[in-house]
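Under my numbering, the letters of the sequence shown match residues 137 to 456, in that order. Built from N, CA and C at the ideal position, the CB exists for glycine as well. In this text, all values refer to a predicted model and were calculated from it rather than measured experimentally. Working notes for the structure below.
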Amino acid sequence: MAIPINTVILNSLGDFVALHPDIKAVLGKDAGMLLGAPIAGPLVEETTKALGALLLFWLFHSEFDNVRDGFIFGALIDIGFNLQETPLYIARGFDSAGDIPLYHEIASRFAVFGFEGHALFTGMFGMGLGLARQTTRRWLRVAAPIGGWLLGFSAHFLTNITGLVIALVIYFQTGQPMVDTSATATIAPAVVTPFLNQWGQQTFTRLMTLFPFFLIAGVMLCQSGIWERNVIREQLADEQEPVITPDEYEAVKGDRLFRTRRIAGYTRRTSTAIVKAQDELAFRKWRLKQQEQDVDTDPLVAFWRDVLSHLRERKEAIAA
């Protein structure tokens with residue numbers, strides 16, 4: 137979806153640069169791309185990816201409980217986008233320069249273990265959707281997705297404008313445009329530099345450049361985890377066996393960050409299923425109470441209670 141729109145914008149700017157050779161004298165041979173990247177990439181790509189996140193938000197509405205869910209859905213869209221775009225740029229690099237920018241493209245697009253770049257950009261929009269789902273404030277339900285998109289756009293814009301800033305700095309320092317290295321490229325120099333060196337450099341650069349956005353994402357995800365634990369603790373407080381035992385509820389109250397509770401006396405698989413069912417029940421009850429609906433007549437609440445009852449029976453059957 138993004139490629140044809142990006143192509144129109146980049147071609148238009150290329151024609152504009154051709155009509156104004158003074159711009160090319162300042163920015164060099166790639167002036168059209170340097171001007172187009174901060175416009176086409178952030179505006180077009182973040183909009184098309186946001187449409188994908190909105191589609192998932194609509195199709196899997198019951199799975200969108202909070203900020204963390206939103207980040208996961210947004211990041212998954214971006215990972216798919218990255219896996220499509222990376223080989224495209226590798227092929228384009230070989231086609232235009234006879235060089236294979238394999239290590240450079242993979243290192244730059246999967247720096248910070250893949251959490252920078254696209255996975256961060258639409259992940260922030262997803263967090264906005266998750267916050268809208270999580271909050272009880274009406275104004276925030278509207279503002280959060282818009283704010284999330286603007287954060288993703290800003291991070292993408294900051295990443296893409298770096299080349300233009302470097303070109304301008306070089307020109308004002310030397311009076312010459314940025315040198316086009318593709319003309320002297322030979323086969324394989326882009327894969328001679330060790331991959332880990334390039335990945336480390338890209339990771340450090342992105343961490344420094346996008347630090348405010350990583351900080352915002354980290355704080356929001358931590359706060360979402362606190363909200364999750366509070367909801368589970370409050371909504372399971374009035375439940376009895378077989379939904380939850382007194383010992384299990386004590387474990388719920390003691391749940392902390394990076395610590396997943398286990399149900400004693402069950403296999404790992406059954407324990408995980410019980411914890412998931414209890415959490416889903418808690419989130420469903422919270423949602424119903426916010427909508428002022430009756431919890432005890434809701435079919436999904438009854439479903440999760442039945443699931444927990446069947447999971448307990450499985451243990452009894454094994455013991456027998």
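- Query: Any idea what DSSP makes of Glu428, helix, strand or coil?
  - Reply: coil
- Item | Cβ pair count under 8 Å reaching 3, the segment 291-299 against the segment 264-275 | Proximity of the segment 291-299 to the segment 264-275 falls short of the contact definition, fewer than three beta-carbon pairs being nearer than 8 Å.
- Item | DSSP three-state assignment for Tyr402, whether helix, strand or coil | coil
- Message: Which same chain residues end up closer than 8 Å to Val507 when comparing Cβ atoms and leaving out the 5 residues on each side of it in sequence?
- Response: Since the first and last residues shown for the chain are 137 and 456, residue 507 lies out of range.
- Message: On a Cα-Cα basis, can you pick out the residue from Thr433, Arg398, Phe347 and Ala387 that is closest to Leu256?
- Response: Phe347
- Task: Could you check if Trp335 is buried or exposed, using at least 16 other CB atoms within 10 Å of its CB as the buried criterion?
- Result: Under this definition Trp335 is a buried residue.
- Item | Ala204 vs Leu357 beta-carbon contact at 8 Å | Inspection of the sequence shows that residue 204 is occupied by Arg rather than by Ala. A contact, by the Cβ cut-off of 8 Å.
- Where Pro313 falls: helix, strand or coil (DSSP): Reduced to three states, the DSSP call for Pro313 is coil.
- Item | the segment 371-388 touching the segment 411-420, judged by at least three CB pairs closer than 8 Å | Look at the beta carbons and you see the segment 371-388 touching the segment 411-420: at least three pairs across the two are nearer than 8 Å.
- Task: Report the residue ranges of all alpha helix (DSSP H) runs contained in full by the segment 326-393; include only those spanning at least 4 residues, in chain order.
- Result: Counting whole runs of 4 or more residues, the segment 326-393 contains the alpha helix (DSSP H) stretches 331-345, 347-371 and 382-389.
- Query: Roughly how many angstroms lie between the CA atoms of Ala176 and Leu287, to the nearest whole one?
  - Reply: C-alpha of Ala176 to C-alpha of Leu287: approximately 16 Å in a straight line.
- Thinking C-alpha only, which one of Ala161, Thr258, Leu219 and Leu265 is nearest Phe200? Leu265
- Message: When you compare the segment 423-434 with the segment 396-410, are there three or more beta-carbon pairs, one atom per stretch, that lie closer than 8 Å?
- Response: Result no; under three Cβ-Cβ pairs closer than 8 Å.
- Message: Please state whether the Cβ-Cβ distance between Gly250 and Met263 is less than 8 Å.
- Response: no
- Alpha-carbon spacing of Arg313 relative to Asn147, whole angstroms: Residue identity check: residue 313 is Pro in the sequence provided, not Arg. Roughly 21 Å separates the two Cα atoms.
- Give a yes or no on whether the C-beta atoms belonging to Gln371 and Trp422 are separated by under 8 Å. yes
- Query: CA-CA distance, Glu449 and Arg405?
  - Reply: Straight-line Cα distance between these residues: approximately 15 Å.
- Is the beta carbon of Gly164 less than 8 Å from the beta carbon of Ala303? yes
- Query: How would you label Met392, buried or exposed, when you count the other beta carbons within 10 angstroms and need 16 or more for buried?
  - Reply: Here residue 392 turns out to be Arg, not Met, going by the sequence shown. Exposed is the call here.
- Can you check the segment 187-257 for any beta strand (DSSP E) of at least 3 residues that lies completely inside it and give the ranges in chain order? The segment 187-257 contains no whole beta strand (DSSP E) run of 3 or more residues.
- Taking the alpha-carbon positions, what's the Ala438 to Leu190 distance? 29 Å
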